[in-house]
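S.K.:
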Amino acid sequence: HISDAMAVPFKRKTIIISIIIFTSILLWKQTSSGAEKQSKIAEQPQRPAYNPCPVKGPIRVFSPYEIFSHNTSKDLYLLIKGYVYDVTDFVPKHPGGDVILSGAGRDATGIFTSIHSRIVEESFLPKYCIGKSTAKSLEEDRARKDGA
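Quick note on this note's numbering: the sequence shown kicks off at 1400 and runs consecutively.
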């Protein structure tokens, strides 16, 4: 019966050692898979920085008068966040219809950003960009000319 008395502590030690080994393996797997995930994330190409006006060559600077004189459905420029967009070709395709014309003749930033998401801004606007403006309104342009 000595073997029975020794069997109980042996079984406990075996169970404890088994639990320790099992836990160590689990922790090792989690740690190594986490490192693999991080390395896969690092391997993914970084998204290029958003460029609101990817024109080739120097960016043309428009006066507000130039921008705001293009204010019909047949000839429409919009000023959004300081950049000028010729959206004439898009007017008939605009999902909101003629509401796009509400941005004509003024800085359309507020109107545009209140309706559209950043995804729309980043995917749609760059292809229509033709330049930028230093002044945000006709009034600011007139004040600059009067002061000069």
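Note that CB positions come from ideal geometry on N, CA and C, so glycine has one too.
Every value quoted in this text rests on a predicted model; they were computed, and no experiment measured them.
#1: Would you list the residues sitting across from GLY1530 in a DSSP beta bridge?
#2: Measure the CB-CB distance between ILE1479 and GLY1502 and report whether it falls below 9 Å.
#3: Among TYR1484, PHE1467 and LEU1500, which residue has its Cα nearest to the Cα of CYS1528?
#4: Give the range of the alpha helix (DSSP H) segment to which PHE1511 is assigned.
#5: Helix, strand or coil for TYR1476 per DSSP?
#6: Is there contact between the region 1449-1468 and the region 1512-1530, where contact requires at least three CB pairs shorter than 8 Å?
#7: If the criterion is Cβ atoms closer than 9 Å, does the pair PHE1467 and GLY1504 meet it?
#8: Rounded to the nearest angstrom, what separates HIS1469 and PRO1491 at their Cα positions?
M.R.: In short, the structure shows the following:
#1: Per DSSP, ARG1459 and VAL1483.
#2: Contact check for ILE1479 against GLY1502 passes: the beta carbons are separated by less than 9 Å.
#3: Answer by Cα proximity: TYR1484.
#4: 1508-1514
#5: strand
#6: yes
#7: yes
#8: 16 Å
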